[in-house]
Amino acid sequence: MTAEQRLRGEYQLANGGALTLIQVTDTHLMATPGGRLLNVDTDDSLAAVIELVLQQQSDTDALLITGDISGDGADSAYGRLAQALSVVPAPSFWLPGNHDECRGDETHADRFIRCLSNPHWLVVLLDSQQSGEVGGYLAAPELQALSRSVDRANQEGKHLLVATHHPLHPLGCDWLDPQRVANAAAFEVEVERCRQQVVVVSGHVHQASDQRVGSARYLTTPSTCVQFAPNQVEFKVDDAAPGYRWLRLSPQGQVETGVERVTHRSFPVDLGSAGYL
Ligand SMILES: [Fe+2]
Numbered sequence: 003m004t005a006e007q008r009l010r011g012e013y014q015l016a017n018g019g020a021l022t023l024i025q026v027t028d029t030h031l032m033a034t035p036g037g038r039l040l041n042v043d044t045d046d047s048l049a050a051v052i053e054l055v056l057q058q059q060s061d062t063d064a065l066l067i068t069g070d071i072s073g074d075g076a077d078s079a080y081g082r083l084a085q086a087l088s089v090v091p092a093p094s095f096w097l098p099g100n101h102d103e104c105r106g107d108e109t110h111a112d113r114f115i116r117c118l119s120n121p122h123w124l125v126v127l128l129d130s131q132q133s134g135e136v137g138g139y140l141a142a143p144e145l146q147a148l149s150r151s152v153d154r155a156n157q158e159g160k161h162l163l164v165a166t167h168h169p170l171h172p173l174g175c176d177w178l179d180p181q182r183v184a185n186a187a188a189f190e191v192e193v194e195r196c197r198q199q200v201v202v203v204s205g206h207v208h209q210a211s212d213q214r215v216g217s218a219r220y221l222t223t224p225s226t227c228v229q230f231a232p233n234q235v236e237f238k239v240d241d242a243a244p245g246y247r248w249l250r251l252s253p254q255g256q257v258e259t260g261v262e263r264v265t266h267r268s269f270p271v272d273l274g275s276a277g278y279l
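Residue numbers (this note's numbering): 3 to 279.
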């Protein structure tokens, strides 16, 4: 499957008012249930995050799963993600990360969608994966999809939410920042054409951030398993808890958002690890 085919189709959200979207990212599910990443059972930590979503969010319109669904490229991760999410009464839409070698698995292809929309918001999912590479890049079909989405948002007077795996901008981690989308400048040229609000949500960095660059707001979100410590020169794991992000998008373009973390369980991580990427 090529990048052109990976994300396709559009889902019409039933809610014509304010939207509640939940971002769940970097689940790193391993080939075998109960597989661990730096000592954390990633199925178990995902289940705890989903439980938290169910406790805290009663009106979710959709979940966005922003990549690194699989921790080791095994197809078995995708079925287990679908099963874990099946308790949430809302559809989920997925995009690939650098750990997702999901080209052989068509079973969940309908989850890898290009757009969601309601009368006020257009949500576009972009694939920033480069096969065999850790860092991100937006190939021509992805930039074209973004460009079409900006045109459409302008024509229809909609606000725009863009979801990617790799972040677009540096966060202050010297070892991690070079892995951001290499051609972020081309992305910015497109989003700066949008006359309405633009918010961008990304994964990959296993930490929360919130910054404004140009006219757009850029957010990143903790992983459902292991976290990376902010502002580090070299790889360093953080002992922060697994979590997720919620976003409330008003018809007028206001964005309320926050990160929630699991507090009812603890997931001790191997803090001495020198890396795994
Ligand atoms: Fe990643």
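Cβ atoms here follow ideal geometry from the backbone N, Cα and C, with glycine treated the same way.
- For H171, the CB stays at least 7 Å from every heavy atom of ligand 1.
- Proximity of the beta carbon of N100 to ligand 1 is indicated: a heavy atom of the ligand is located closer than 7 Å.
- Residue range 211-215 is occupied by the beta strand (DSSP E) that includes D212.
- In this structure, DSSP gives E194 a state outside helix and strand, which the three-state scheme calls coil.
- Listed in chain order, the non-local C-beta contacts of G216 below 7 Å within the same chain comprise E190, E194, local neighbours out to five positions each way being set aside.
- Here T265 is exposed, its C-beta having fewer than 16 other C-beta atoms within 10 Å.
- T34 is classed as exposed because its beta carbon has fewer than 16 other beta carbons within 10 Å across all chains shown.
- In the displayed model, G81 falls within a helix according to three-state DSSP.
- Taking each of G245, P253, A111, G205 in turn and checking the Cα distance to S268, the smallest one comes out for G245.
- Here the stretch 225-245 lies against the stretch 23-30, with 3 or more beta-carbon pairs under 8 Å apart.
- Counting only runs of 3+ residues, the beta strand (DSSP E) found wholly inside the stretch 89-153 occupies 94-97, 117-119, 123-127, in chain order.
- At the C-beta level, D74 and H206 stay beyond 8 Å of one another.
- Taken through DSSP and simplified to helix, strand or coil, E262 comes out as strand.
- A residue is called buried once 16 or more other Cβ atoms fall within 10 Å of its Cβ, and T62 is buried on that count.
- Here the stretch 48-60 makes contact with the stretch 249-265; the two share three or more CB pairs at distances below 8 Å.
- Listed in chain order, the beta strand (DSSP E) runs fully inside the stretch 22-70 are 64-68, counting runs of at least 3 residues.
- In terms of side-chain proximity, the C-beta atom of D179 is found no nearer than 7 Å to any non-hydrogen atom of ligand 1.
- Secondary structure of R267 (DSSP, three-state): coil.
- When distances are taken from the beta-carbon of G69 to the heavy atoms of ligand 1, the shortest one is below 7 Å.
- In this model, L128 and L118 are separated by some 12 Å (Cα to Cα).
- Assignment of E236 by DSSP, reduced to helix, strand and coil, places it in the coil class.
- For H161, the beta-bridge partners assigned by DSSP are W123.
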